[in-house]
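Numbering-wise, our numbering puts 150 at position 111 of the sequence shown, and it's gapless, one number per residue. Ideal Cβ placement from N, Cα and C applies to all residues, glycine included. None of these values were measured; they are calculated from a predicted model. Encoded as structure tokens, the structure appears first; notes follow it.
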Amino acid sequence: MAEQLAPMPEDWQRALAVVAHPDDLEYGCAAAVAHWTDGGREVAYVLATRGEAGIDSLEPAISGPLREAEQRASAEVVGVSSVEFLDHRDGVIEYGPALRRDIAAAIRRHRPELVITLNHRDTWGGTYRNTPDHVAVGRAALDAAADAGNRWIFPELGAEGLVPWDGVRWVAVFGSDRPTHAVDAEPGLERGIRSLLAHRTYVEALTEEDPEQYCRNLLTDGVGQAADRFGGRPAVTFELFPC
Ligand SMILES: [Zn+2]
Numbered sequence: 040m041a042e043q044l045a046p047m048p049e050d051w052q053r054a055l056a057v058v059a060h061p062d063d064l065e066y067g068c069a070a071a072v073a074h075w076t077d078g079g080r081e082v083a084y085v086l087a088t089r090g091e092a093g094i095d096s097l098e099p100a101i102s103g104p105l106r107e108a109e110q111r112a113s114a115e116v117v118g119v120s121s122v123e124f125l126d127h128r129d130g131v132i133e134y135g136p137a138l139r140r141d142i143a144a145a146i147r148r149h150r151p152e153l154v155i156t157l158n159h160r161d162t163w164g165g166t167y168r169n170t171p172d173h174v175a176v177g178r179a180a181l182d183a184a185a186d187a188g189n190r191w192i193f194p195e196l197g198a199e200g201l202v203p204w205d206g207v208r209w210v211a212v213f214g215s216d217r218p219t220h221a222v223d224a225e226p227g228l229e230r231g232i233r234s235l236l237a238h239r240t241y242v243e244a245l246t247e248e249d250p251e252q253y254c255r256n257l258l259t260d261g262v263g264q265a266a267d268r269f270g271g272r273p274a275v276t277f278e279l280f281p282c
């Protein structure tokens with residue numbers, strides 16, 4: 040039997056998900072978010088960009104606002120009403136102090152115990168290259184979880200009235216090829232599928248398939264792959280870093 044994944048911690052009240060693009064959370068993570076918000080937890084989303092460079096047939100000035108609207112609708116499906124955008128430029132997000140500061144500021148505003156981000160490693164499972172945006176935001180989110188609690192790293196945040204928050208207990212990385220923890224996917228799976236489907240323009244540009252079938256197959260396959268490591272149950276997996 041494959042080595043089993045531990046259940047994700049449940050003893051927290053607020054989470055902040057920090058990712059690069061609209062749709063990054065909808066390839067499976069949103070099913071876990073639905074489960075968490077069902078349990079009365081608060082989850083907020085922060086996106087580094089509006090994903091304005093993500094659709095070949097649409098220029099950024101049109102794509103950005105459209106993808107922002109789709110992201111807000113998508114979040115609502117899984118019980119998330121707070122969606123913020125940091126206005127970095129899609130495709131060329133730079134890892135560095137400016138990004139860390141923007142994410143640290145968001146962490147201070149939201150005061151989460153759990154920070155969620157997307158795969159920060161160079162590849163997806165050693166096969167496909169990850170994009171620079173995901174790597175930059177994932178790494179910066181891991182760093183910012185600590186930066187947010189240190190009054191001396193970005194003193195300008197304190198001057199803006201954002202007091203340090205050292206209450207982040209874990210950073211959970213979704214899409215990692217080294218998962219350690221998981222959430223039962225079943226309670227939130229249908230809403231997870233609808234949350235991906237809410238990125239309608241993006242999904243239609245991506246595939247010739249029926250959009251709903253595309254979303255359903257993709258998510259069902261994804262969570263199914265983890266079942267042999269989670270007692271036979273479809274699961275949303277995370278690599279969990281304690282802080
Ligand atoms: Zn992305």
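Counting the other CB atoms within 10 Å of its CB gives residue 101 a total below 16, which places it among the exposed residues. Residue 202 is positioned such that its CB atom lies no closer than 8 Å to that of residue 67. Relative to ligand 1, the beta carbon of residue 143 is positioned no closer than 7 Å to any heavy atom. Residue pairing by DSSP places residue 221 opposite 46, 276 in a beta bridge. By the Cβ criterion, the segment 150 to 164 is not in contact with the segment 105 to 118, since fewer than three pairs of Cβ atoms, one from each stretch, lie closer than 8 Å.
Counting along the chain, residue 76 sits inside the alpha helix (DSSP H) bounded by residues 68 to 77. No heavy atom of ligand 1 is found nearer than 7 Å to the CB of residue 71. Buried is the label assigned to residue 172, since at least 16 other Cβ atoms lie within 10 Å of its Cβ. Contact between the segment 177 to 187 and the segment 135 to 142 is present: 3 or more CB-CB pairs across the two stretches fall below 8 Å.
Secondary-structure assignment with DSSP links residue 155 through a beta bridge to 56, 211. Comparing C-alpha distances from residue 85 to each of 61, 78, 75 shows the shortest one belongs to 61. Between ligand 1 and residue 95, a heavy atom-to-CB distance of less than 7 Å is absent.
In the DSSP assignment, residue 241 falls within the alpha helix (DSSP H) that extends over 239 to 245. In this structure, the C-beta of residue 237 stays at least 7 Å away from each heavy atom of ligand 1. Straight-line measurement puts the Cα of residue 204 at about 27 Å from the Cα of residue 65.
The DSSP-derived three-state label of residue 88 is coil. With contacts defined as CB atoms closer than 8 Å, residue 130 and residue 106 fail to qualify as a contacting pair.
For residue 127, the shortest C-beta to heavy atom distance toward ligand 1 is 7 Å or greater. For residue 59, the distance from the CB to the nearest heavy atom of ligand 1 is below 7 Å. In this chain, the beta strand (DSSP E) harbouring residue 122 covers 122 to 124.
Residue 281 is bridged by DSSP to 209. Residue pairing from DSSP places residue 163 in a beta bridge opposite 167.
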